[in-house]
Ligand SMILES: Nc1ncnc2c1ncn2[C@@H]1O[C@H](COP(=O)(O)OP(=O)(O)OP(=O)(O)O)[C@@H](O)[C@H]1O
Ligand SMILES: Nc1ncnc2c1ncn2[C@@H]1O[C@H](COP(=O)(O)OP(=O)(O)OP(=O)(O)O)[C@@H](O)[C@H]1O
Ligand SMILES: [Mg+2]
Ligand SMILES: [Mg+2]
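Chains as they are written, first to last, in this note's numbering: chain A, 1 to 300; chain B, 1001 to 1235; chain C, 2001 to 2266; chain D, 3001 to 3407; chain E, 4001 to 4369.
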């Protein structure tokens, strides 16, 4: 039972991470139907900015907790700026182009950004300081859950709820939903579509950056390639939950995390990814629009 | 109130509008009729800023608006019921209507208008929780009209509002058009295939052919015009 | 007047539920050989849903859909796939035009011929004489159909560049290419002006005669319906409230109340 | 003036963006911080000038779009004339063929070798083009079928000593079989859901190859796979390379021939229609599943086929060759070249495969330039390098032919 | 046509490099220089540059200047063959590479045909030297089985462990090492393998596998793979208060590992080339590196440095670029390198390069005597 619980918690951590990154995929996909392959790279850049800022602040002697906050904030700002620029350079000129062209542009951007960071920083792994404070109340459970796991789960949960409320109840959220469904009509009810798309990229990227800093601090290292694998997994999670759906991204992330962790625990980690993808295939066969996704309405 | 000066609009190299001059006075109902592909929809899209003109001016209350983004134009009080209805398919009827009032801040007013719209089209009330995409063609058309009304426009552009509607409803819609024109002073720019009814509703009419305005006159005169009768009224 | 004619489509007690909404409720309808039957009713009455149910896009919750294309007895087609039903000889057009927008006009019609031709991919690769001949015949047949509907001057144009009215006619041509015994038209005159509607009326009659088919028609243009159809069925809220000749139906008080309104000159 | 302001803003913006990545290097272990602000300054200067170029190109693209549309008619006719009039295209084809035939004589073995790679990718691109370009099914795991082909030769050779020439059809067949097996359950999915499932499938195949060590030799791969022999003609490294070059040339021609015929056939039309509107397609009597499955498995067949060639060419296979990035590159070939266009796909393959090779001069900047090129090509030529031109149907010719046949 | 235009720049490049081949010696350096494995290939490039610079500054080899031709292969077999053909076409004299065993295996036949000697600083797959298929292959690093033998023996005999979890990263290198370790443990009869599992490199979290190790009741972990995974696993083990020994391979015996794993690295064992820090050449290499770079040298830097030295020295000794003479020189003549005084045996493994066991103590690897 304890073993089960341990695996459950480890899956929860993993799943929360996937979910955080998956949100960006899901939002962007929802609004411009683009699989933004460069999203993983934004997450990676967020982590790098976090590292840089944390490094500078550490050398200036700031306390750990405040470093965590400030590094995250800087990461968020920069990831948002990168996301915004990315959209403007690589996707906006492709509005109205054939559906797959932005996808290729995204793949190109992903390759570019990876190499940009590799060349600017280093190809090697860099140590990322552990910025999470030790929570005393977790002392007794340390074999099951660490402070950073706890922080990841809490932040992911909080972000998810906040985002859901944002989409449901704010004007921008409303505009996003409208733009996602019919861009032309969104214009005709007075929505500035360009602004909405930019905002989507900015928000999605910021969330990825939060994920980036949390994870980097959790596992203690980063390099230029971390975005790729996390990105693919997160994307899988987004699809699993029903791409375009925000609770779906959360659910998909968690299910993916648990699948991997239980597969590792009870079968073998050799095949954890095989299980994860097989699960994806299975779920999509029975629910072709993902767990919480809705089939697009096509009135004949 | 609205004035199109020598407007030329293109789709790529296809010229859809040629030197269009149209004038709409405050409080008027005018109609634009013409065969399929004449350029009526393009005219409305040009006014709304979705397909900006390559040359010429669109003046709204004397201000040029041809370079503004659609959202700015909507903000100035110009709403459109577009061709093809363009319902937000995953949103419910209520949410679709709410989107119509996107730029409005007065919650109570919106609520009031929504009740009013439901009164006009009771079937929408019955289906209010249904996704817009699942509605029948006619229901969608009613929804599109209602959504435009939710913005409380000063100028209402209607693109073939009677399309796909049952005879009873068509008459009702034209009554509504007259009513909002009279009661709230909304100016109406009506594009319609059902020329007969359109001319009976409107004060003045323009006739369009191949992207050009070939005739403009008062409705009575147009209705009496033999050419028009033959070409558009099917008599 | 047509009692001896054979029934080609017979629908009995069809119901269709969408969640809690019963869009069709126990609808009976039949079409006889060579007839033009119209289906009318207020918006949201379930007319399009009815089409979808008999063409396999939805499967009816209850009820039977039977067809008898050749006079050899009825065959039940509930739940068959759409393409199977088309192969059996029912072809339709769509209320919201669904052409293949970036294919040329003639290619659109050639797609209609698909289910009446046989070339496999091996044939396509080796281009044996039979495949070649079939391909040529397909082209010719499609071209003839275009001519019939007055679209031949557009044959190389992309379908999306056609004026609205022409697109509607193209849908009819494409449907005819499947060699149907029954043609289902969903609001063919929508978006046409009265003059164009008149021309369409003549066209439908001509097609019916030439191809020796029956037509089932949904339309809100009463003038057209009245002058074109042999019989009418009227739906309201998914239920059939009347059927009969145009004359009978137009005098039916229930129909006037639900659908037509007092005067008829709309 | 306006432009100047914009460029200055762009320069500042990019300096801001690159500051923490290029401008600082922190080492959290020995707590050292290295500032490299000069690099940020260079970025600013570069951004300043490039933003002028960018705007200029953007304007040209806008204007170009208008002009292109204005001249499409002529261009298309000129192009289609070129492609349909034997007087024009025969000499062109002969010239290209002559060049292709003489290629090994003109260039070094390295050039021939990478040209073989390029030709392999031409075939892969054309194969994927059936799936993506013609049938509109987004397949992100195409490399799986390629792996199936490569491993089928490697393993059959390893365990049973099966020769290349037997493995070639078997690999193709196994590819097709996998295509059908995967296609059955997943082709019901729409659009991008299909994409992710195929991506998953690609990963599954790779992971199985990696983990099933006892059978596939796992990550260490299978070495010493023999190159094809052809009656002793292709012995020795250089001969076998030349032989493979010509073999690939034949295979490319064969593929072009088949894809071209499929494209302009009843099946090809059905694929295109399916791509545009599935519901209408079914209402026209087209069996959606069967038609899609055909496209999917045909694409897989080609991947299986060249997979065998690949194994023979590298003489070594391991799972590292079959990652998602590979699928992405093949897809890029199709889209960047111009979806559906055969010529475009060929050009796309040559560009994307030869480019990184010729970019070796940039050494570590190579992939950076490669990624940027992909983005720029898409931004400035969203339709791909060569736009697909559909064959016009000439009715009078058909009528004549048919009339002749009938009489 | 378009093809022709693309040919020209490359041709020019070839011509430029090929022309002075008579007087210059071309040292090919192929390996992963971009992509996810770049961090294993780039230090080799750096090492080659330093050695070549030193040699050229000292007047070259027998008067001939040495130039480097780096070729990226991303550790992928097909790029490796392309790189190999490129080097053959460019008339490379000797080759320092490739980095990954798979890529090396793919490329070797091409060098073999062209009589080019290759020396890898990092390809540890046993078959490369032991199969006899690659007579022109040499390496300055010992093969996986030697390492695995050392690691498993150490665990069983020195530490007296009975129940060992063997974990690997599913990669060519790591899995090879782990499989040998498993084999030796099982053959010993006294100890047993508690768990044999691969982890996915680059995964965001390894706590599940750590839990599994814990649940298996293992009294030690032998890990085959590289430092990023090792540091993640070991950190999570320590976070979960698992203090059992962690024994790993040369991929982990890097300064970066200690930097990244921090406190968790304390006490970790790793096999590595026999302690070389005392070698005079080691200091020289390190100083050269520090003079032009930030931080510490990366993976396989010293092996690469040694290989470059050995190759160039062999040419010098041979007095020619003839294949047989170079091979002969490599086998007979000892060279002083950072990894020690080495020459090569008939199979291509370096004699004098062996492994010792190291343990992290106070943030440094110290040899376990
Ligand atoms: N997006 C487009 N791209 C290219 N051409 C277009 C586009 N939209 C419309 N056109 C062309 O512009 C002309 C005018 O079209 P428009 O839709 O304005 O006509 P309309 O008068 O509204 O016709 P209808 O009665 O069919 O609605 C037509 O010839 C049409 O083919
Ligand atoms: N897929 C669906 N899910 C839920 N409700 C649906 C669906 N399709 C249709 N409906 C509902 O069923 C009713 C009948 O729709 P249908 O499209 O058949 O109407 P119709 O008679 O064709 O009307 P119109 O003349 O306006 O086209 C409508 O109220 C519609 O909202
Ligand atoms: Mg219109
Ligand atoms: Mg309908």
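Each residue gets a CB set at the ideal place from its N, CA and C atoms; glycine is no exception. A quick note: this is a predicted structure, and the numbers were derived from the prediction, not measured.
Self-check item: Heavy atom of ligand 5 within 8 Å of residue 1162 (chain B) beta-carbon
Solution: For ligand 5, the structure offers nothing, since it holds only ligand 1, ligand 2, ligand 3 and ligand 4.
Self-check item: Three-state secondary structure (DSSP) of residue 4237 (chain E)
Solution: Taken through DSSP and simplified to helix, strand or coil, residue 4237 (chain E) comes out as helix.
Quiz item: Which residue comes first and which comes last in the alpha helix (DSSP H) that contains residue 3266 (chain D)?
Solution: For residue 3266 (chain D), the enclosing alpha helix (DSSP H) begins and ends at 3266 to 3276.
Self-check item: Cutoff 9 Å: residue 300 (chain A) Cβ touching any chain C Cβ
Solution: Output row for residue 300 (chain A): interface = yes.
Exercise. Identify which residue in A:237, A:288, A:273 has its Cα closest to the Cα of residue 35 (chain A).
Key: Per the C-alpha coordinates, the member of A:237, A:288, A:273 positioned closest to residue 35 (chain A) is A:237.
Quiz prompt | DSSP bridge partner residues for residue 2242 (chain C) (one or two, in chain order) | solution = Answer by DSSP bridge pairing, in chain order: C:2234.
Quiz item: Pick from C:2023, C:2008, C:2025, C:2049: whose alpha carbon is nearest that of residue 2032 (chain C)?
Solution: Closest option to residue 2032 (chain C), Cα to Cα, is C:2008.
Quiz item: In chain A, what lies closer than 7 Å to residue 2052 (chain C) by C-beta?
Solution: The contacting residues are 300.
Quiz prompt | heavy atom of ligand 1 below 8 Å from residue 1194 (chain B) C-beta | solution = Relative to ligand 1, even the nearest heavy atom lies 8 Å or more away from the CB of residue 1194 (chain B).
Quiz prompt | Chain-ordered chain A contacts of residue 4121 (chain E) [CB-CB under 9 Å] | solution = Within chain A, no residue comes near residue 4121 (chain E); the closest Cβ sits about 16 Å away, beyond 9 Å.
Quiz item: Opposite residue 3035 (chain D) in the DSSP bridges: which residues?
Solution: According to DSSP, which records beta bridges pairwise, residue 3035 (chain D) is partnered with D:3024.
Quiz item: Does the beta-carbon distance from residue 249 (chain A) to residue 19 (chain A) come in below 9 Å?
Solution: Cβ distance < 9 Å, so residue 249 (chain A) and residue 19 (chain A) count as in contact.
Quiz prompt | Distance CB(residue 2182 (chain C))-CB(residue 2110 (chain C)) smaller than 9 Å | solution = For residue 2182 (chain C) and residue 2110 (chain C), no; Cβs fall outside 9 Å.
Exercise. Check each candidate in D:3002, D:3371, D:3352 and name the one with the smallest Cα separation from residue 3121 (chain D).
Key: Comparing Cα-Cα distances from residue 3121 (chain D) to each of D:3002, D:3371, D:3352, the minimum goes to D:3352.
Quiz item: So, helix, strand or coil for residue 3307 (chain D), using DSSP?
Solution: In the structure shown, the three-state DSSP call for residue 3307 (chain D) is helix.
Practice problem: Report the three-state DSSP secondary structure of residue 2037 (chain C) (helix, strand or coil). | Solution: Secondary structure at residue 2037 (chain C): strand, using DSSP grouped into helix, strand and coil.
Quiz prompt | Contact set between the region 2231 to 2251 of chain C and chain D, restricted to residues whose Cβ is under 8 Å from the partner | solution = Residues: none.
Practice problem: Determine the direct distance from the alpha carbon of residue 4247 (chain E) to that of residue 277 (chain A), and round the result to whole angstroms. | Solution: Rounded to whole angstroms, residue 277 (chain A) to residue 4247 (chain E) spans 32 Å at the Cα level.
Self-check item: For residue 1013 (chain B) and residue 3070 (chain D), the rounded distance between their alpha carbons
Solution: The predicted model places residue 3070 (chain D) with a pLDDT of 48, which falls under 50 and marks its position as unreliable; any figure quoted below should be read in that light. The alpha-carbon atoms of residue 3070 (chain D) and residue 1013 (chain B) are separated by roughly 5 Å.
Quiz item: Would residue 4102 (chain E) pass as a contact of residue 4258 (chain E) if the rule is Cβ separation under 9 Å?
Solution: Residue 4258 (chain E) sits away from residue 4102 (chain E), with the two beta carbons spaced by 9 Å or more.
Self-check item: Range of the contiguous beta strand (DSSP E) that encloses residue 2047 (chain C)
Solution: For residue 2047 (chain C), there is no enclosing beta strand (DSSP E); the enclosing alpha helix (DSSP H) has its first and last residue at 2047 to 2054.
Quiz item: Under a CB-based cut-off of 9 Å, is residue 2134 (chain C) close to chain D?
Solution: Residue 2134 (chain C) counts as touching chain D.
Quiz item: Looking only at its own chain, which residues have a Cβ that is under 8 Å from the Cβ of residue 3366 (chain D), when we skip the five neighbours before and after it?
Solution: Closer than 8 Å at Cβ, skipping near neighbours: 3356, 3359, 3360.
Self-check item: Neighbourhood of ligand 2 [Cβ distance below 5 Å to any heavy atom], ordered by chain position
Solution: Around ligand 2, the residues selected by a Cβ distance under 5 Å to any of its heavy atoms are B:1134, B:1135, B:1136, B:1137, B:1138, C:2018, C:2023, C:2043, C:2044, C:2045, C:2046, C:2047, C:2048, C:2049, following chain order.
Quiz item: Residues of chain C with CB under 7 Å from residue 3261 (chain D), in chain order?
Solution: Going along chain C in sequence order, the residues near residue 3261 (chain D) (Cβ under 7 Å) are 2124, 2125, 2127.
Quiz item: Would you say the beta carbon of residue 2163 (chain C) comes nearer than 8 Å to a heavy atom of ligand 1?
Solution: Residue 2163 (chain C) Cβ: within cutoff of ligand 1.
Self-check item: CB contact below 9 Å: residue 1216 (chain B) versus chain C
Solution: No - not a single Cβ of chain C is within 9 Å of the one on residue 1216 (chain B).
Practice problem: Pull up the distance between the alpha-carbon of residue 1032 (chain B) and that of residue 2036 (chain C), whole angstroms please. | Solution: Looking at the backbone, the Cα of residue 1032 (chain B) and that of residue 2036 (chain C) are separated by about 34 Å.
Quiz item: Excluding five sequence neighbours on each side, which residues of the same chain lie with their C-beta closer than 7 Å to the C-beta of residue 3093 (chain D)?
Solution: Here residue 3093 (chain D) has no same chain residue with a Cβ atom under 7 Å from its own Cβ, once five neighbours each way along the sequence are excluded.
Quiz item: Can you find a heavy atom of ligand 4 that lies under 8 Å from the Cβ of residue 2186 (chain C)?
Solution: Under cutoff, so the answer is yes.
Practice problem: Check whether the Cβ of residue 2212 (chain C) sits closer than 8 Å to any heavy atom of ligand 1, and report yes or no. | Solution: Checking the Cβ of residue 2212 (chain C) against ligand 1 gives no.
Exercise. Identify every residue that forms a DSSP beta bridge with residue 2158 (chain C).
Key: Looking at the DSSP assignment, residue 2158 (chain C) forms a beta bridge with C:2104.
Practice problem: Check the Cβ of residue 2094 (chain C) against every Cβ in chain A and list those closer than 9 Å, keeping chain order. | Solution: Neighbours of residue 2094 (chain C) on chain A, chain order: 300.
Quiz item: Measuring from the CB of residue 1169 (chain B), is there a heavy atom of ligand 4 at a distance below 8 Å?
Solution: No, the Cβ of residue 1169 (chain B) stays beyond 8 Å of every heavy atom of ligand 4.
Quiz item: At what residues does the beta strand (DSSP E) containing residue 2010 (chain C) begin and finish?
Solution: Looking at the DSSP string, the run of the beta strand (DSSP E) that includes residue 2010 (chain C) is 2007 to 2018.
Quiz item: Would you report the Cα separation of residue 2097 (chain C) and residue 144 (chain A), rounded to the nearest angstrom?
Solution: So the alpha carbons of these two residues sit roughly 60 Å apart.
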